[in-house]
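S.K.:
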Amino acid sequence: MNIIKRTNQDSFLLSLIIPVFNENQCIDPFVERVKTALDDKSINYHMIFVNDGSEDGTEKRLLELSIADEKIKFINLSRNFGKDVALTAGIDFAQGDAVIPIDVDLQHPPEVIPKMISLWLDGYDVVNARRSDQDSETIFKKLFSKIFYSTFNFFSTTPIPSGIGDFRLIDHKVVIELRKLRETHRFMKGLFAWVGYNQIAINYDRSDRIHGITKWRFRSLFNFAVNGITSFSISALRLSMIMGFTISILGFIYALLTVYKTMIYGIDVPGYASLIILILILGGVQLISIGIQGEYIGKIFEEVKKRPIYIIKEKNL
Ligand code: UDP
Ligand code: MG
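Under our numbering, the letters of the sequence shown match residues 5 to 321, in that order.
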């Protein structure tokens, strides 16, 4: 890998992109922590909050903060579009030489930002933050994410390393490439991995959410996983073909066996059990295959409409 040190070391601008959805209570502590972590390091930065259709006074608070502090900017989306879309809006408008998406609930400690910047100045284009394993997620969520990452990487040609979320530093040139990806179904972690460039990871300890609860529910986690996999690879379609082949071959062998047995032992007692099992298995496999195809057809349907990815109600940048 060819890493070249960046030269314009003192004059860069850093854009933090913070998607927020009903996070009124978190915003002030977040701004405080960022200021403490970055101000004395004389880093030139601004914070772009992307308000993802909040209904709890987040909008008002952002307006107040942005009037009082020129480092604070905001984009108000017209409704709730989901975190990945909110991040997209932030990336589209961030002017920084480096951009860092970060959660407002302080699960991503701003204290690691100077370390990310120094690696970026060393010449890396993307500095990923990987959460350490001993963090406070529920066992259920940890297990789900393990299964998800291994399934995703099994199917996808651009693997995403486990433990790496959206918290990362991205160089401006990579941001330009990310902006070209205009798909409606956005799986940002996958897109970040897809663009490539010189990437490196550093570890951080993920703490608990400071206020409120996670916005993820099991249903959306499941949707997220299916979406992630089907947006990134067509291998699932191939999988249903492979299942079809395997079952056909097994069926053929079973047919030969049945013919052979009939010829040697004569007509057997009708095999109700084996029949019903075969019908159930085949029916299941067929439905799964149709479901997988449906998932992709649905994606095509959404993409051909070519709707804008998000709508901005107002912005202050
Ligand atoms: N978020 C968002 N839109 C949504 C859901 C979440 O902008 O529809 C933001 C949220 O305000 C937070 C970040 O995405 O800043 C991460 O959300 P959360 O903490 O709920 O997710 P988790 O940390 O559990 O993955
Ligand atoms: Mg969180």
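The beta-carbon is built from N, C-alpha and C at its ideal position, and this holds for glycine as well. Only a predicted model underlies this, so the values are computations on that prediction, with no experimental measurement involved.
Quick one, which of R135, V89 and I304 has its alpha-carbon nearest I313's?
M.R.: For the residues R135, V89 and I304, the minimum Cα distance to I313 belongs to V89.
S.K.: Are there 16 or more other CB atoms within 10 angstroms of the CB of L66, so buried, or fewer, so exposed?
M.R.: Classification for L66: buried.
S.K.: Quick check: what's the CA-CA separation for V35 versus L17?
M.R.: Between V35 and L17, the C-alpha separation is close to 17 Å.
S.K.: How about A133 and S19: are their beta carbons less than 8 Å apart?
M.R.: No.
S.K.: Buried or exposed for A197, please, with buried defined as at least 16 other CB atoms from any protein chain shown within 10 angstroms of its CB.
M.R.: The residue in question, A197, is buried, as its Cβ has 16 or more Cβ neighbours within 10 Å.
S.K.: Can you tell me the Cα-Cα spacing of T142 and Q111, whole angstroms?
M.R.: In a straight line, the C-alpha of T142 is about 14 Å away from that of Q111.
S.K.: List the endpoints of the continuous beta strand (DSSP E) containing V131.
M.R.: V130 to R135 is the extent of the beta strand (DSSP E) around V131.
S.K.: I think A102 touches H176, with their Cβ atoms under 8 Å apart; what is that distance to the nearest whole Å?
M.R.: Rounded, the Cβ-Cβ distance is 7 Å, consistent with contact.
S.K.: Following a CB-centred definition, is V35 positioned closer than 7 Å to any heavy atom of ligand 1?
M.R.: No, the beta carbon of V35 sits no closer than 7 Å to any heavy atom of ligand 1.
S.K.: How is R172 classed by DSSP in three states: helix, strand or coil?
M.R.: In the structure shown, R172 sits in a strand (DSSP, three-state: E or B).
S.K.: Could you check where the alpha helix (DSSP H) with Q297 kicks off and where it finishes?
M.R.: Element bounds for Q297: Y276 to V308.
S.K.: In the DSSP assignment, the alpha helix (DSSP H) including N26 goes from what residue to what residue?
M.R.: Segment: none, N26 is in no alpha helix (DSSP H) and carries neither H nor E.
S.K.: Give the single residue among F25, F156, I174 and D126 whose Cα lies nearest to the Cα of A229.
M.R.: Taking only the C-alpha atoms, the option nearest A229 is F156.
S.K.: Distance check for N227 and L81, CA to CA, integer angstroms please.
M.R.: The alpha-carbon atoms of L81 and N227 are separated by roughly 22 Å.
S.K.: Near ligand 1, which residues have their beta-carbon less than 6 Å from any of its heavy atoms, given in chain order?
M.R.: So the residues near ligand 1 by this Cβ test are P23, V24, F25, E27, D56, N84, G86, K87, A90, D107, V108, D109, Q111, R213, T218, K219 and W220.
S.K.: Within 10 angstroms of the Cβ of E74, are there 16 or more other Cβ atoms? Answer buried if so, exposed if not.
M.R.: Result: exposed.
S.K.: I'd like the span of the beta strand (DSSP E) that includes V103, first residue to last.
M.R.: Start and end: A102 to P105.
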